[in-house]
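By the numbering used here, the letter at position 276 of the sequence shown is numbered 277, and the numbering carries on one by one without gaps. Don't be surprised by glycine CBs; every beta carbon is placed ideally from N, CA and C.
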Amino acid sequence: MQNRSTILLIYTGGTIGMELNPGTGKLTPVNFENISREMPELMRFDPDIKTVSFSPPVDSSEIGPEMWVRLAETVEEYYDRVDGFVILHGTDTMAYSASALSFLLENLGKPVIFTGSQLPIGMLRTDGRENLITSIEIAAAKINGAPAVPEVCVFFQNKLFRGNRTTKYNVEYFNAFRSENYPPLAEAGINIEFNYHAVNYPYGDKKLKVYRELDNNVAILKIFPGITGKLLSSFFSTDGLKAVVMETYGAGNAPTGSWFISEVEKAVSRGIFILNVSQCTTGSVDMNKYTTGRRLQEAGVLSGYDMTTEAAVTKIMFLLAQTSNAKELRTLINSSIRGEIK
Ligand code: ASP
């Protein structure tokens with residue numbers, strides 16, 4: 002007989018655990034016990050489910066580096082006692098949290114599945130019930146006795162994605178997440194079909210390493226027609242700024258006028274790392290394709306290739322906290338450290 006799997010369910014907040022406040026008519030986070038009350042089958046589920054709850058539960062807009070480290074530490078604390086983790090999280094910043102966790106957890110050998118919902122769990126037609134149950138099943142799934150998906154993932158509607166490849170793109174429908182540049186790691190229908198070739202399995206028997214530091218002296222700059230040199234100048238002069246994720250057009254293009262390039266060059270010469278990611282959600286930055294991209298490369302801008310903005314921002318926060326060696330940082334920013342780049 003097979004041993005029962007043990008899953009740690011970490012509840013951080015978000016719509017999945019919201020209820021309607023009759024006084025204000027607004028959705029407010031409820032305590033985890035209310036989720037269990039709404040879903041008594043959770044307690045009867047075949048895997049043994051342990052729970053940890055953020056107190057108070059929060060809307061995911063409130064989540065940032067401090068809570069990412071708390072989540073990583075919770076994974077570390079329970080790592081040897083459970084088979085997998087399911088993190089209930091608001092959808093708004095889930096792609097950032099899943100990306101951050103992927104960097105904070107090195108040599109991960111167990112599934113860490115983020116999920117949430119578009120409708121609160123107690124409501125008719127809620128997607129929370131399916132998302133939660135399938136996430137638990139995936140976190141408990143084994144192949145040849147080992148975890149089927151030992152990665153930080155996002156599960157939503159019927160697809161399991163690598164967390165650091167996801168973006169929330171839909172406010173309205175149940176398929177809230179996309180991973181345009183990497184295939185799903187699993188699809189749930191009548192059966193759960195795992196895409197084993199796309200999953201990263203750990204080599205050897207390396208021990209989980211949990212990082213506890215992130216440096217958030219990072220900013221996102223979205224280029225738009227009409228952007229001014231004055232804006233760029235004051236943006237790059239932000240006190241303490243160490244890195245910028247620059248969202249450019251198409252394959253990594255931006256204006257080539259000296260009013261633009263000179264501001265970029267000045268920032269690079271002050272030691273600010275600038276990483277070029279595309280405003281398009283599918284495809285990759287290729288700074289050799291057009292003159293406009295090449296000018297950025299010559300100015301010292303690094304390619305973010307096919308990384309999402311969410312992965313780029315959290316990866317830089319992670320790397321800046323690990324080293325201040327500029328050469329090493331440039332190499333690491335440009336290489337895939339957790340499958341976030343093709
Ligand atoms: N505002 C909510 C949150 O991200 C939305 C959700 O959970 O879907 O916490």
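Beta-carbon separation of Ser-93 and Gly-15 under 9 Å? The residue asked about is misnamed: residue 93 is Asp in this sequence, not Ser. A contact, by the Cβ cut-off of 9 Å.
Ignoring anything shorter than 4 residues or poking outside the segment 71-159, list the alpha helix (DSSP H) runs there in chain order. 95-105, 129-141
Please classify Thr-25: is it buried, with 16 or more other beta-carbons within 10 angstroms of its beta-carbon, or exposed? exposed
Any non-hydrogen atom of the ligand ASP within 8 Å of Ile-11 CB: no
What does DSSP give as the partner residue(s) for Ile-275 in the beta ladder? Val-245
If you measure from the CB of Thr-347, is any heavy atom of the ligand ASP nearer than 8 Å? Outside the displayed span of the chain (2 to 343) sits residue 347, for which this structure offers no information.
Kindly indicate the opening and closing residues of the alpha helix (DSSP H) around Ser-1. Lying outside 2 to 343, the shown extent of the chain, residue 1 is not represented and no answer is given.
Where does Lys-1 land, buried or exposed, given buried means 16+ other C-beta within 10 angstroms? The chain is shown only over 2 to 343; residue 1 falls outside these bounds and no answer can be derived.
Would you mind stating whether Phe-237 and Val-265 have Cβ atoms separated by less than 9 Å? yes
With DSSP collapsed to three states, give me the class of Tyr-306. coil
Suppose contacts are defined by Cβ-Cβ distances below 9 Å. Is Asn-217 in contact with Pro-30 by that definition? no
Nonlocal neighbours in the same chain, by C-beta distance under 7 Å from Pro-184, ignoring five residues either side: Asn-196, Ala-199
Contact the segment 247-258 vs the segment 87-101: 3+ CB pairs below 8 Å: no
Within this structure, are the beta carbons of Tyr-12 and Pro-48 separated by less than 9 Å? no
So is Tyr-170 buried or exposed if we call it buried at 16+ other beta carbons inside 10 Å? exposed
According to the neighbour-count rule (16 or more other Cβ atoms, all chains shown, within 10 Å of its Cβ), is Glu-138 buried or exposed? buried
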